[in-house]
Amino acid sequence: MRLTSLGLVRGLIGYAVGLLLGMAVVVVSRLLMGMSVWEAEAAWVGGIIFAVIGFLGGVGALSDWLKWTRGAETPLLHGPPADKPAWTRYFGVDYNHKVIGIQYGVTGMFLLLIGGSFALVFRAELADSGISFLQPGTYNTFLSMHAWVALAAILLGVGGMANYLVPLMIGAADMAFPRLNAFAYWINVPAILTLLLSMLFGWDSGWTAYPPLSLRGPVGYQLVFLSIFSIGLSSILGSLNIIVTMLMMRPKGMSLFRMPIFCWAILATSLIQLTATQLIGQAFLMLSFERTLGMPFFNPLYNAAGENIGGQPLLFQHLFWFYSHPAVYVFVLPGLGIISELLPVFSRKPLFGYRWVALSSLAIALVGFLVWGHHMFTSGYGEYLRVVFMISTLLVAVPTGVKFFSWLGTLWGGRLTFPTPMLFTLGAISVFLIGGLSGPILATTATDLFLHDTYFVVGHFHATIFGGFVFPFFAAIYYWYPKITGRMYDETMGKLHFWLMTPGFWLMSLAQMTAGTMGMRRRIADYDPALGVENVHLLVTIAGFVIAFSVLIMIYNLFTSAEIGATAGNNPWRSRSPEWQIPSPAPEHSYARPIAVVGEPYDYGLAGSKYIASMGAGDD
Amino acid sequence: MLKLPQSSTDRKHFVIVGALVLVVTILLGFALLAILPVKAQSSVQAEPIRWLFQLHIWLIAFLFALVSVFMFYALFVFRRRKHDTSEGEHFEGNTVLEILWTVVPLVLVVIFSFIGLQTLQQTTSGGDDIRVEAVGFQWAWTFNYPNGVTSAEMVLPVNKPALISLTSTDVIHSFWVAEWGPKQDLVPGMRTQLHVTPTEVGEYKLNCAELCGLTHWNMVATVRVVPEAEYTAWMEQKIAEQNIEVVSR
Numbered sequence: 005m006r007l008t009s010l011g012l013v014r015g016l017i018g019y020a021v022g023l024l025l026g027m028a029v030v031v032v033s034r035l036l037m038g039m040s041v042w043e044a045e046a047a048w049v050g051g052i053i054f055a056v057i058g059f060l061g062g063v064g065a066l067s068d069w070l071k072w073t074r075g076a077e078t079p080l081l082h083g084p085p086a087d088k089p090a091w092t093r094y095f096g097v098d099y100n101h102k103v104i105g106i107q108y109g110v111t112g113m114f115l116l117l118i119g120g121s122f123a124l125v126f127r128a129e130l131a132d133s134g135i136s137f138l139q140p141g142t143y144n145t146f147l148s149m150h151a152w153v154a155l156a157a158i159l160l161g162v163g164g165m166a167n168y169l170v171p172l173m174i175g176a177a178d179m180a181f182p183r184l185n186a187f188a189y190w191i192n193v194p195a196i197l198t199l200l201l202s203m204l205f206g207w208d209s210g211w212t213a214y215p216p217l218s219l220r221g222p223v224g225y226q227l228v229f230l231s232i233f234s235i236g237l238s239s240i241l242g243s244l245n246i247i248v249t250m251l252m253m254r255p256k257g258m259s260l261f262r263m264p265i266f267c268w269a270i271l272a273t274s275l276i277q278l279t280a281t282q283l284i285g286q287a288f289l290m291l292s293f294e295r296t297l298g299m300p301f302f303n304p305l306y307n308a309a310g311e312n313i314g315g316q317p318l319l320f321q322h323l324f325w326f327y328s329h330p331a332v333y334v335f336v337l338p339g340l341g342i343i344s345e346l347l348p349v350f351s352r353k354p355l356f357g358y359r360w361v362a363l364s365s366l367a368i369a370l371v372g373f374l375v376w377g378h379h380m381f382t383s384g385y386g387e388y389l390r391v392v393f394m395i396s397t398l399l400v401a402v403p404t405g406v407k408f409f410s411w412l413g414t415l416w417g418g419r420l421t422f423p424t425p426m427l428f429t430l431g432a433i434s435v436f437l438i439g440g441l442s443g444p445i446l447a448t449t450a451t452d453l454f455l456h457d458t459y460f461v462v463g464h465f466h467a468t469i470f471g472g473f474v475f476p477f478f479a480a481i482y483y484w485y486p487k488i489t490g491r492m493y494d495e496t497m498g499k500l501h502f503w504l505m506t507p508g509f510w511l512m513s514l515a516q517m518t519a520g521t522m523g524m525r526r527r528i529a530d531y532d533p534a535l536g537v538e539n540v541h542l543l544v545t546i547a548g549f550v551i552a553f554s555v556l557i558m559i560y561n562l563f564t565s566a567e568i569g570a571t572a573g574n575n576p577w578r579s580r581s582p583e584w585q586i587p588s589p590a591p592e593h594s595y596a597r598p599i600a601v602v603g604e605p606y607d608y609g610l611a612g613s614k615y616i617a618s619m620g621a622g623d624d
Numbered sequence: 007m008l009k010l011p012q013s014s015t016d017r018k019h020f021v022i023v024g025a026l027v028l029v030v031t032i033l034l035g036f037a038l039l040a041i042l043p044v045k046a047q048s049s050v051q052a053e054p055i056r057w058l059f060q061l062h063i064w065l066i067a068f069l070f071a072l073v074s075v076f077m078f079y080a081l082f083v084f085r086r087r088k089h090d091t092s093e094g095e096h097f098e099g100n101t102v103l104e105i106l107w108t109v110v111p112l113v114l115v116v117i118f119s120f121i122g123l124q125t126l127q128q129t130t131s132g133g134d135d136i137r138v139e140a141v142g143f144q145w146a147w148t149f150n151y152p153n154g155v156t157s158a159e160m161v162l163p164v165n166k167p168a169l170i171s172l173t174s175t176d177v178i179h180s181f182w183v184a185e186w187g188p189k190q191d192l193v194p195g196m197r198t199q200l201h202v203t204p205t206e207v208g209e210y211k212l213n214c215a216e217l218c219g220l221t222h223w224n225m226v227a228t229v230r231v232v233p234e235a236e237y238t239a240w241m242e243q244k245i246a247e248q249n250i251e252v253v254s255r
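Protein chains in written order, with the numbering used here: chain S, 5 to 624; chain C, 7 to 255.
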C-alpha cells in the first residue's frame with residue numbers, strides 16, 4: 005500500500021502545496037502592484053486560504069462535486085476500500101455516517117487530550133506563586149490555545165455523537181447529504197492544523213480575542229481567525245445536514261415526540277449552530293479585514309478634537325458573544341440529551357415527562373439567544389442593559405430546572421444498576437448541578453461585578469462544560485462502545501476512571517471558586533502570594549493531574565478492549581432504542597429492512613409494549 | 007434498622023427526604039460560606055454584593071440539597087437488589103409536578119430580578135466628593151486629580167464617596183480592587199466610571215482584571231485609603247512637588 009493512497013496524507017501534501025502557492029500568489033500580486041514584496045500578514049492569509057482548499061482537494065472531499073460539473077457519475081461506495089486494509093477508510097473521505105461519526109469522535113478525543121495537556125502545562129506553573137518555567141508570553145499562548153483546542157474538541161465530539169447516533173436512532177440509512185457530511189468533517193482537519201500552527205507566533209488575548217488587543221498581536225492571529233472561520237463553516241453545514249436528516253428521514257410512525265430524546269437535544273443544538281455561528285465568523289472576518297486591509301471596525305481613531313471617529317471596541321464583544329454564549333448550549337445540550345437517554349435504560353423506567361424534557365431543550369436554545377450581554381456586565385455598555393441581561397439570564401434556570409427534576413423523576417422508583425455509563429451519567433448530573441447552581445450568582449449583576457474575570461467564573465464554566473459535555477461524552481463512549489466495536493470495555497478500569505475523575509473534578513471546581521472569591525483573577529501568569537491562594541492553587545493542580553490520569557486509563561481501556569474485550573452481543577443494556585436491535589458492531593447498512601415505530605420510546609416496564617418493528621418487503 | 011416502603015409514592019419516602027434536605031441545606035450553607043470567603047468588604051459598595059452573595063449561597067445550598075438528596079436517596083433505595091429481574095415502576099410523568107417546578111423557579115426568577123435590580127443600584131451609586139481619573143495602559147496605571155495632581159499611586163480619604171473616571175490609551179483593561187467589590191472595564195475611545203466609598207484605612211492593590219497582553223498579570227498599582235487629614239497633607243505635598251517641577255522647567 006502506498007502512503008499517498010491515504011486521503012489524509014494527500015490532504016497534508018495539498019495543505020503544504022496550497023500554503024506555498026497562496027503565499028506565491030500574494031507575493032506576485034504585490035510585485036505587480038509595485039508594493040514591497042514580502043508582508044507577512046498578507047502572505048500568511050493568502051497562504052492559509054489556499055492551504056485549506058489544497059487540503060480539501062488533496063483528501064478528496066471535493067472530488068464528487070467536481071465530477072458533477074462534468075456530468076460524471078459518482079456512485080456512493082459502500083464498505084471499506086477493496087484493495088486496502090479496512091482501517092484505511094478512517095483516514096480518507098468516506099461517506100458512511102458511522103465512519104464519519106467515528107472520525108469526528110476520535111479527532112475530538114484527540115484534541116481533548118491536546119487541549120487538556122495545555123492546561124496541565126500552565127496548571128503546573130500555577131501550582132505555586134512566582135514564575136518558574138513558563139514565561140508570561142508562552143503562558144498566555146498555552147492559556148488561549150487550551151481554550152481554542154478544547155472548544156474545537158467539544159464541537160467535534162458533539163459532531164461525532166450526532167453523526168453516529170442520529171441516523172441510527174431514527175432508522176435512517178445515512179445522513180441526508182453524505183458528501184456534505186464528509187466535507188463538513190474534513191474541513192476541520194486543515195483548520196486544526198492552522199490553529200496549532202498559530203502557536204508558533206504566540207497569542208496573548210485569550211480565546212475571546214477582544215480588540216484592540218487582538219489587532220496588535222503577531223500574525224498568528226490571522227491563522228486563528230481563518231481556522232475558526234473554517235470550523236464554523238463545518239458547524240453550519242453539519243447542523244444543516246442533521247436538521248434535514250431528522251426532519252425528512254424519520255421512519256413511518258416516528259412523530260417528533262416519538263424520537264429518542266437525544267434527537268431532540270441535537271435538533272435544538274443544530275438550530276443554534278445553523279443560526280448563530282455566522283456571527284463569530286463575521287466577527288473574526290472583520291478582525292481579519294481590519295488587520296489586513298485597515299478597515300476601522302473596532303479600533304478607535306481620534307480626530308484633532310479628541311473625538312472617536314474610528315471603530316468601537318464593544319461592537320466586537322456583542323458580535324462575539326451573540327455566538328459564543330449560545331455556543332455553550334451547543335456544547336451542553338447534546339450531553340444533557342445523553343443523560344436523558346441513558347437514565348431510563350439504567351432505571352428500567354420511562355423518561356419522566358418526555359415532552360417537557362424535549363421542549364426544555366428548545367427553550368434553553370431560545371433563551372440562549374437573549375443572554376449574550378451577561379458576559380459584558382463590566383464592559384461599560386448602557387446601564388439599563390445590565391438589568392435586561394440579568395433577567396434574561398436568570399430565566400435559563402427555568403428550563404434547566406425542568407431537566408434536573410425530570411431526571412430525578414426518572415430515577416425515582418426504578419431498578420437502578422450502576423455500570424460505568426450510568427456512573428458517568430450520574431457524575432454528569434452532580435457536576436452539572438455545581439455548574440448550574442453557580443450560574444445565578446453570576447447572573448445577578450451586583451455579584452457578577454465582583455466575580456467577573458475571577459477564578460469563580462473559571463470554576464463555574466468548567467463545571468458546566470464537564471457536567472454538560474465531558475462526563476456525558478464519556479458516558480456515551482462507554483455506552484455505545486459495544487455497538488461500535490462489538491466488544492465490551494473493561495468494567496473495572498471504567499469504574500476506576502470514574503472514581504478518580506469525579507471526586508477530582510468536584511475538588512477542582514470548588515477550589516477554583518474559592519480562589520475566585522479570595523480575589524484570584526483569571527488569565528494571569530503569576531499571582532501575588534499575599535492573596536493566600538497558593539494552597540488552593542496546589543489543590544487545583546493536583547486535581548487536574550488526577551483527572552488527566554483517569555482519562556489515560558479510559559484511553560488504555562478503549563484500546564485494549566477493542567482487541568481482548570468480551571463479545572458484547574447485540575443489546576447488552578436491554579435498550580429499546582432502534583440502534584440496539586441490530587447486530588454489534590453495527591453493519592455497513594445499519595438496517596437490513598426499513599423500521600416502523602409502533603409505540604413510545606421509553607416504555608420500560610410496560611408489559612407487551614414495543615417501540616419499533618421491522619417492516620417486511622411488502623409493508624408501507 | 008428503618009424498614010423502607012416498597013412503593014415509590016409512599017409518603018414515608020418524602021418525609022425522610024424532606025428532613026434530609028433540611029439538614030443538608032443547613033450544613034452545606036455554612037460549609038459553602040466557609041470555603042467561599044468574599045474578599046469584598048472594605049467599601050460601601052461591597053455591602054450589597056456580600057449580602058446578595060450570601061443570599062445566593064443559601065439558595066444554592068437548598069437547591070443542591072434538594073437535587074442531591076433526592077438523587078442519592080433514589081440511588082440507594084431504588085437500586086436493583088440481587089436476583090431481582092423486574093422492571094421499574096411504570097409512570098411516564100406528572101403534569102402537575104412539571105407545572106409546579108416550572109412556575110416556582112419562575113417566581114424565584116422574578117424575586118431575584120427585583121433583588122438584583124436593587125443591589126445593582128446600590129453597588130453602582132455613590133457621591134462624587136472626590137473625583138479621580140484612572141488611566142490604564144500596557145501595563146501600568148496613572149491617576150489624575152482635578153487640581154492637576156498626577157500620581158502613580160491612588161490615594162483616597164476614608165469614608166468619602168469617590169467617583170473614579172476610567173479610560174484607556176491602548177487596549178481594554180479592567181479596574182479592580184478586590185476589597186472594594188465591583189470592577190469596571192476601561193475601554194479606549196470610551197469613558198466609564200466607578201463609584202467607591204472606601205470604609206477601611208489601609209493599603210490595597212489595584213489590579214487589571216481584563217487580559218491585556220504580555221504582563222497583564224503584573225499590571226498593578228498601589229491604592230492607599232487614609233484618614234482625611236493625611237489625604238489633605240498628601241495632596242498639599244503633591245501640589246508642592248509638582249509646582250516645583252513646573253517652575254523649574
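Glycine included, C-beta positions come from ideal geometry on N, C-alpha and C.
Residues near V207(C) in its chain [Cβ-Cβ closer than 7 Å; skip 5 each side]: For the purposes of this step, residue 207(C) is taken as residue 201 along the second sequence, with counting starting at 1. V164, V231, V232, P233.
Check whether L397(S) and L347(S) have beta carbons under 8 Å apart: Locating residue 397(S) in the first sequence gives position 393, where the first residue counts as 1. Locating residue 347(S) in the first sequence gives position 343, where the first residue counts as 1. Here the sequence assigns Thr to residue 397(S), which means Leu is not the residue at that position. The criterion of a C-beta distance shorter than 8 Å is not satisfied by T397(S) and L347(S).
Entirely enclosed alpha helix (DSSP H) segments - the segment 29-116 of chain S, minimum 4 residues: Counting only runs of 4 or more, we get 44-63, 67-73.
DSSP beta-bridge partners of W147(C): The sequence position of residue 147(C) within the second sequence is 141, counting from 1. Within the DSSP secondary-structure output, W147(C) pairs in a beta bridge with G142(C).
Between the CA atoms of Q282(S) and R527(S) - distance to the nearest angstrom: Residue numbering aside, residue 527(S) sits at position 523 when the first sequence is read from its first letter. Residue numbering aside, residue 282(S) sits at position 278 when the first sequence is read from its first letter. A straight-line Cα-Cα distance of about 27 Å links R527(S) and Q282(S).
Nearest candidate by alpha-carbon position, reference G603(S), set T73(S), P354(S), R127(S): Counted from its first residue, the first sequence places residue 603(S) at position 599. In terms of CA proximity to G603(S), P354(S) leads the group T73(S), P354(S), R127(S).
Residue closest to L16(S), alpha-carbon to alpha-carbon, out of W190(S), P85(S), V49(S): For the purposes of this step, residue 16(S) is taken as residue 12 along the first sequence, with counting starting at 1. It is W190(S).
Segments assigned alpha helix (DSSP H), at least 4 residues, entirely inside the segment 295-369 of chain S: Qualifying alpha helix (DSSP H) stretches, in chain order: 317-351.
CB-CB length for G520(S) against G443(S), believed under 8 Å: As a working note, residue 520(S) is residue 516 in the first sequence. As a working note, residue 443(S) is residue 439 in the first sequence. The beta-carbon separation of G520(S) and G443(S), rounded to 14 Å, does not stay under the 8 Å limit for a contact.
Candidates D494(S), R491(S), L430(S): closest to P507(S) by CA position: As a position in the first sequence, residue 507(S) is number 503, starting the count at 1. When D494(S), R491(S), L430(S) are compared, the shortest CA-CA separation from P507(S) is found for L430(S).
Euclidean distance between Cα positions of P11(C) and L114(C): Within the second sequence, the letter at position 5 stands for residue 11(C). Within the second sequence, the letter at position 108 stands for residue 114(C). Between P11(C) and L114(C), the C-alpha separation is close to 33 Å.
Where P140(S) meets chain C, residues with beta-carbon distance less than 7 Å: For the purposes of this step, residue 140(S) is taken as the residue at position 136 of the first sequence. Result: L220, T221, W223.
Spatial distance of M196(C) from E45(S) (CA atoms): If you number the second sequence from 1, residue 196(C) lands on position 190. If you number the first sequence from 1, residue 45(S) lands on position 41. Taking the straight line joining both Cα atoms gives about 29 Å.
Where I52(S) falls, given that 16 or more other Cβ within 10 Å makes a residue buried: The residue given as residue 52(S) occupies position 48 in the first sequence. Counting the other CB atoms within 10 Å of its CB gives I52(S) a total of 16 or more, which places it among the buried residues.
Proximity of T382(S) and S180(C) at Cβ, strictly below 8 Å: On the first sequence, position 378 is the one that residue 382(S) refers to. On the second sequence, position 174 is the one that residue 180(C) refers to. Yes; because the gap between Cβ atoms is below 8 Å, this pair is in contact.
For R390(S) and S254(C), the rounded distance between their alpha carbons: Locating residue 254(C) in the second sequence gives position 248, counting from the first residue. Locating residue 390(S) in the first sequence gives position 386, counting from the first residue. With a pLDDT of 46 at S254(C), under the threshold of 50, the predicted position of this residue should be treated as unreliable, though the coordinate-derived value follows. If you take the alpha carbons of S254(C) and R390(S), they lie about 49 Å apart.
Where V336(S) falls, given that 16 or more other Cβ within 10 Å makes a residue buried: The count along the first sequence starts at 1 and reaches residue 336(S) at position 332. V336(S) counts as buried, since at least 16 other C-beta atoms from the protein chains shown sit within 10 angstroms of its C-beta.
For Q128(C), the first and last residue of its enclosing alpha helix (DSSP H): Residue numbering aside, residue 128(C) sits at position 122 when the second sequence is read from its first letter. Run containing Q128(C): 101-129, per the alpha helix (DSSP H) assignment.
Burial state of F324(S), where buried means 16 or more other Cβ atoms lie within 10 Å: Counted from its first residue, the first sequence places residue 324(S) at position 320. The residue in question, F324(S), is buried, as its Cβ has 16 or more Cβ neighbours within 10 Å.
Contact set between G609(S) and chain C, taken where Cβ atoms lie within less than 7 Å: If you number the first sequence from 1, residue 609(S) lands on position 605. Correct list: E93, G94, E95, H96.
Three-state secondary structure assigned by DSSP to R255(C): Your numbering for residue 255(C) matches position 249 in the second sequence. Residue confidence for R255(C) is low, a pLDDT of 40 falling below 50, so the modelled location carries little weight; the figure read from the coordinates is stated next. If DSSP states are grouped into helix, strand and coil, R255(C) belongs with coil.
S74(C) and S410(S) closer than 8 Å at C-beta: As a working mapping, residue 74(C) is identified with position 68 in the second sequence. As a working mapping, residue 410(S) is identified with position 406 in the first sequence. It is not a contact, given that the beta carbons lie outside the stated cut-off.
Residue-chain proximity (V253(C), chain S), Cβ-Cβ < 8 Å: Here residue 253(C) refers to the residue found at position 247 of the second sequence. Below a pLDDT of 50, predicted positions are generally treated as unreliable, and V253(C), at 49, falls in that range; the measurement from the model is reported next regardless. Not a single CB atom of chain S sits nearer than 8 Å to the CB of V253(C).
One or two residues paired with L420(S) in a DSSP bridge: If you number the first sequence from 1, residue 420(S) lands on position 416. BP columns for L420(S) point to R85(C).
Span separating the alpha-carbon of G141(S) from that of M225(C): Stepping through the first sequence from its first residue, residue 141(S) is reached at position 137. Stepping through the second sequence from its first residue, residue 225(C) is reached at position 219. When rounded, the distance between both Cα atoms is 15 Å.
Residue burial classification, G622(S) (beta-carbon count within 10 angstroms, cutoff 16): The residue you call residue 622(S) lines up with position 618 of the first sequence. Unreliable positioning characterises G622(S) in this predicted model, as indicated by a pLDDT of 49, which lies under 50. The coordinate reading is nonetheless provided below. Residue environment analysis places G622(S) among the exposed positions, since fewer than 16 neighbouring C-beta atoms fall within 10 angstroms of its C-beta.
L197(S) vs Y19(S) beta-carbon contact at 8 Å: As a working mapping, residue 197(S) is identified with position 193 in the first sequence. As a working mapping, residue 19(S) is identified with position 15 in the first sequence. For L197(S) and Y19(S), yes; Cβs fall inside 8 Å.
Opening and closing residue of the beta strand (DSSP E) in which R525(S) lies: Your numbering for residue 525(S) matches position 521 in the first sequence. First-last for R525(S): undefined, no H or E at that position.
Of the listed residues N312(S), M505(S), E77(S), Q585(S), nearest to A479(S) (C-alpha basis): Taking the first residue of the first sequence as 1, we reach residue 479(S) at position 475. The candidate whose alpha carbon is nearest that of A479(S) is M505(S).
Which listed residue (L169(S), L159(S), M165(S), F122(S)) has its alpha carbon closest to that of L147(S): If you number the first sequence from 1, residue 147(S) lands on position 143. Ranking the options by Cα distance to L147(S), first place goes to F122(S).
I32(C) at chain S interface by Cβ criterion, 8 Å: Position 26 of the second sequence, counted from the start, is the residue given in the question as residue 32(C). No, its Cβ sits nowhere closer than 8 Å to a Cβ of chain S.
Beta-ladder partner(s) of E209(C), from DSSP: Position 203 of the second sequence, counted from the first residue, corresponds to residue 209(C). BP columns for E209(C) point to R230(C).
Where the segment 372-396 of chain S meets chain C: residues whose CB sits under 8 Å from a CB there: Taking 8 Å as the Cβ-Cβ cut-off, the segment 372-396 of chain S approaches chain C at T382, S383, G384, E387, R390, V391, M394, I395, given in chain order.
Three-way DSSP call (helix, strand, coil) for M253(S) in this model: Taking the first residue of the first sequence as 1, we reach residue 253(S) at position 249. DSSP places M253(S) in coil when its eight states are reduced to three.
In DSSP terms, what C218(C) is bridged to: The residue given as residue 218(C) occupies position 212 in the second sequence. Looking at the DSSP output, C218(C) shares a beta bridge with no other residue.
Rounded straight-line distance, which links the Cα of F293(S) to that of N303(S): Counted from its first residue, the first sequence places residue 303(S) at position 299. Counted from its first residue, the first sequence places residue 293(S) at position 289. Rounded to whole angstroms, N303(S) and F293(S) show a C-alpha spacing of 12 Å.
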